[in-house]
Amino acid sequence: PLLEVERLPELTKRLWRERRRLPNMSEPSLAAESKAEVIIAEPRRIACIAVLLALFTVNQWSRSLIFYVVDFSDKSQLDANALAEASRLFMNVDLGFDQAQYGLLASLGFAAFFSLTSLIAGSAVDRFDSRWLLMGAGTIWSLAMEWQAAATRFDDVLGARLLQGFSQAFCNPAAYVALG
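Anchor point for the sequence shown: position 135 equals 135 in full-length UniProt numbering, and the numbering is continuous, going up by one each time.
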(Lines of atoms letter the chains of each structure in order from A; the text may use other names.)
(Lines give C-alpha, C1' and ligand atoms only; values in the text may rest on other atoms or scores of the structure.)
Protein backbone atom coordinates (compact mmCIF):
# COMPACT_ATOMS: atom_id res chain seq x y z
CA PRO A 1 0.00 0.00 0.00
CA LEU A 2 1.02 3.55 -0.64
CA LEU A 3 2.02 5.70 2.30
CA GLU A 4 -0.12 8.65 3.11
CA VAL A 5 1.88 11.86 2.98
CA GLU A 6 0.26 13.15 6.17
CA ARG A 7 1.53 10.13 8.14
CA LEU A 8 5.13 10.47 6.95
CA PRO A 9 6.39 12.56 9.93
CA GLU A 10 4.77 10.12 12.35
CA LEU A 11 6.34 7.12 10.61
CA THR A 12 9.73 8.82 10.50
CA LYS A 13 9.62 9.47 14.24
CA ARG A 14 8.57 5.89 14.89
CA LEU A 15 11.42 4.49 12.80
CA TRP A 16 13.88 6.76 14.56
CA ARG A 17 12.66 5.57 17.97
CA GLU A 18 12.97 1.94 16.86
CA ARG A 19 16.57 2.48 15.76
CA ARG A 20 17.50 4.14 19.02
CA ARG A 21 15.53 1.76 21.20
CA LEU A 22 16.95 1.72 24.70
CA PRO A 23 16.44 -1.19 27.07
CA ASN A 24 13.25 -1.04 29.08
CA MET A 25 14.44 0.11 32.50
CA SER A 26 11.32 -1.25 34.16
CA GLU A 27 12.66 -4.78 33.75
CA PRO A 28 15.02 -5.39 36.72
CA SER A 29 17.69 -7.43 34.91
CA LEU A 30 18.04 -4.99 32.02
CA ALA A 31 18.06 -1.97 34.31
CA ALA A 32 20.85 -3.38 36.50
CA GLU A 33 22.86 -4.49 33.49
CA SER A 34 22.62 -1.10 31.77
CA LYS A 35 23.52 0.80 34.94
CA ALA A 36 26.58 -1.43 35.43
CA GLU A 37 27.70 -0.72 31.87
CA VAL A 38 27.34 3.01 32.39
CA ILE A 39 29.25 2.89 35.69
CA ILE A 40 32.13 0.99 34.06
CA ALA A 41 32.14 2.95 30.84
CA GLU A 42 32.05 6.48 32.27
CA PRO A 43 35.32 6.35 34.31
CA ARG A 44 37.06 4.76 31.35
CA ARG A 45 35.83 7.51 29.01
CA ILE A 46 36.96 10.19 31.44
CA ALA A 47 40.36 8.52 31.85
CA CYS A 48 40.78 8.28 28.08
CA ILE A 49 39.96 11.95 27.60
CA ALA A 50 42.28 12.94 30.48
CA VAL A 51 45.18 10.94 29.04
CA LEU A 52 44.60 12.35 25.56
CA LEU A 53 44.39 15.89 26.95
CA ALA A 54 47.70 15.42 28.78
CA LEU A 55 49.27 13.90 25.68
CA PHE A 56 48.04 16.73 23.47
CA THR A 57 49.24 19.37 25.95
CA VAL A 58 52.73 17.87 26.12
CA ASN A 59 52.68 17.43 22.34
CA GLN A 60 52.00 21.14 21.77
CA TRP A 61 54.45 22.21 24.46
CA SER A 62 57.31 20.12 23.10
CA ARG A 63 56.54 21.17 19.53
CA SER A 64 56.85 24.87 20.35
CA LEU A 65 59.60 24.69 22.97
CA ILE A 66 62.28 25.58 20.45
CA PHE A 67 60.76 29.04 20.02
CA TYR A 68 61.57 29.83 23.66
CA VAL A 69 65.16 28.62 23.82
CA VAL A 70 66.70 30.94 21.22
CA ASP A 71 67.81 34.56 21.39
CA PHE A 72 69.33 36.37 18.43
CA SER A 73 70.11 39.67 20.12
CA ASP A 74 73.65 41.05 19.77
CA LYS A 75 75.95 39.30 22.26
CA SER A 76 79.20 41.02 21.22
CA GLN A 77 79.14 43.42 24.17
CA LEU A 78 78.65 40.72 26.84
CA ASP A 79 81.40 39.81 29.28
CA ALA A 80 82.49 36.19 29.76
CA ASN A 81 80.06 35.49 32.63
CA ALA A 82 77.07 36.95 30.79
CA LEU A 83 78.02 35.04 27.64
CA ALA A 84 78.30 31.81 29.63
CA GLU A 85 74.85 32.46 31.10
CA ALA A 86 73.42 33.19 27.63
CA SER A 87 75.02 29.98 26.38
CA ARG A 88 73.34 28.07 29.19
CA LEU A 89 69.93 29.64 28.53
CA PHE A 90 69.80 29.81 24.74
CA MET A 91 70.36 26.91 22.36
CA ASN A 92 71.52 29.01 19.42
CA VAL A 93 74.25 30.68 21.51
CA ASP A 94 75.48 27.33 22.82
CA LEU A 95 75.44 25.53 19.47
CA GLY A 96 76.31 28.55 17.35
CA PHE A 97 73.57 28.48 14.74
CA ASP A 98 72.18 31.53 13.00
CA GLN A 99 68.69 32.78 12.14
CA ALA A 100 68.59 30.98 8.78
CA GLN A 101 69.38 27.66 10.46
CA TYR A 102 66.79 28.40 13.11
CA GLY A 103 64.24 29.01 10.36
CA LEU A 104 65.10 25.58 8.96
CA LEU A 105 64.52 24.00 12.38
CA ALA A 106 61.18 25.72 12.87
CA SER A 107 59.83 25.15 9.36
CA LEU A 108 61.22 22.30 7.28
CA GLY A 109 62.85 20.64 10.27
CA PHE A 110 59.49 20.05 11.85
CA ALA A 111 56.44 21.37 10.03
CA ALA A 112 57.13 20.04 6.53
CA PHE A 113 58.11 16.58 7.76
CA PHE A 114 55.16 16.55 10.17
CA SER A 115 52.77 17.38 7.31
CA LEU A 116 54.13 14.68 5.01
CA THR A 117 54.15 12.08 7.76
CA SER A 118 50.54 12.92 8.65
CA LEU A 119 49.49 11.37 5.34
CA ILE A 120 51.17 8.11 6.32
CA ALA A 121 49.85 8.34 9.88
CA GLY A 122 46.25 8.58 8.71
CA SER A 123 46.45 5.30 6.84
CA ALA A 124 48.46 3.63 9.64
CA VAL A 125 45.67 4.42 12.09
CA ASP A 126 43.25 2.57 9.81
CA ARG A 127 45.44 -0.55 9.93
CA PHE A 128 46.83 -0.65 13.47
CA ASP A 129 45.54 -0.24 17.01
CA SER A 130 45.45 3.47 17.86
CA ARG A 131 46.48 2.84 21.48
CA TRP A 132 49.74 1.23 20.39
CA LEU A 133 50.35 3.99 17.86
CA LEU A 134 49.85 6.64 20.55
CA MET A 135 52.17 4.84 22.92
CA GLY A 136 54.80 4.36 20.23
CA ALA A 137 54.54 7.95 19.03
CA GLY A 138 54.83 9.26 22.59
CA THR A 139 57.89 7.11 23.21
CA ILE A 140 59.61 8.16 19.99
CA TRP A 141 58.93 11.85 20.49
CA SER A 142 60.19 11.60 24.09
CA LEU A 143 63.42 10.14 22.74
CA ALA A 144 63.55 12.94 20.15
CA MET A 145 63.17 15.53 22.91
CA GLU A 146 65.96 13.87 24.89
CA TRP A 147 68.16 13.87 21.78
CA GLN A 148 67.37 17.54 21.23
CA ALA A 149 68.27 18.38 24.84
CA ALA A 150 71.59 16.54 24.55
CA ALA A 151 72.47 18.00 21.14
CA THR A 152 75.99 19.29 20.68
CA ARG A 153 75.64 20.40 17.04
CA PHE A 154 73.03 21.92 14.77
CA ASP A 155 72.74 18.62 12.86
CA ASP A 156 71.70 16.86 16.08
CA VAL A 157 68.92 19.38 16.67
CA LEU A 158 67.75 19.06 13.06
CA GLY A 159 67.66 15.26 13.28
CA ALA A 160 65.79 15.43 16.58
CA ARG A 161 63.24 17.88 15.12
CA LEU A 162 62.68 15.61 12.11
CA LEU A 163 62.14 12.61 14.40
CA GLN A 164 59.85 14.69 16.59
CA GLY A 165 57.80 15.78 13.57
CA PHE A 166 57.54 12.18 12.40
CA SER A 167 56.36 10.86 15.74
CA GLN A 168 53.97 13.68 16.58
CA ALA A 169 52.23 13.30 13.22
CA PHE A 170 50.71 10.05 14.51
CA CYS A 171 49.17 11.60 17.62
CA ASN A 172 46.15 13.46 16.23
CA PRO A 173 44.81 10.74 13.91
CA ALA A 174 45.30 8.08 16.58
CA ALA A 175 43.63 10.26 19.22
CA TYR A 176 40.57 10.79 17.02
CA VAL A 177 40.22 7.04 16.57
CA ALA A 178 40.74 6.41 20.29
CA LEU A 179 37.93 8.83 21.10
CA GLY A 180 35.67 6.89 18.78
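Ideal Cβ positions, reconstructed from N, Cα and C, are used throughout, including at glycine. Since this is a predicted model, take the numbers as computed values, not measurements.
Exercise. If I'm right that Ile66 touches Leu105 with Cβ under 8 Å, what's the distance once you round it to whole angstroms?
Key: About 6 Å separates the beta carbons of Ile66 and Leu105, which is inside the 8 Å limit, making them a contact pair.
Exercise. Determine the DSSP secondary structure at Gly180, reduced to helix, strand or coil.
Key: Secondary structure at Gly180: coil, using DSSP grouped into helix, strand and coil.
Quiz item: Taking all protein chains shown into account, do 16 or more other C-beta atoms lie within 10 angstroms of the C-beta of Ala84, making it buried, or fewer, making it exposed?
Solution: Its Cβ having fewer than 16 others within 10 Å, Ala84 is exposed.
Quiz item: In three-state terms, what does DSSP make of Thr152?
Solution: When secondary structure is reduced to three states using DSSP, Thr152 falls in the coil class, being assigned neither helix nor strand.
Quiz item: If we count Cβ pairs, one from each stretch, closer than 8 Å, do we get three or more for the segment 122 to 134 versus the segment 70 to 88?
Solution: Counting Cβ pairs under 8 Å, fewer than three are found: no touch.
Exercise. Report, in whole angstroms, the separation of the C-beta atoms of Ser116 and Ala144, which I expect to be a contact under 8 Å.
Key: Here residue 116 turns out to be Leu, not Ser, going by the sequence shown. Not a contact, Cβ separation roughly 16 Å.
Quiz prompt | Check whether Gln101 and Phe154 have beta carbons under 9 Å apart | solution = A contact, by the Cβ cut-off of 9 Å.
Quiz item: Which full runs of the alpha helix (DSSP H) of 4+ residues lie inside the segment 35 to 123, going along the chain?
Solution: Counting whole runs of 4 or more residues, the segment 35 to 123 contains the alpha helix (DSSP H) stretches 80 to 89, 91 to 95 and 99 to 106.
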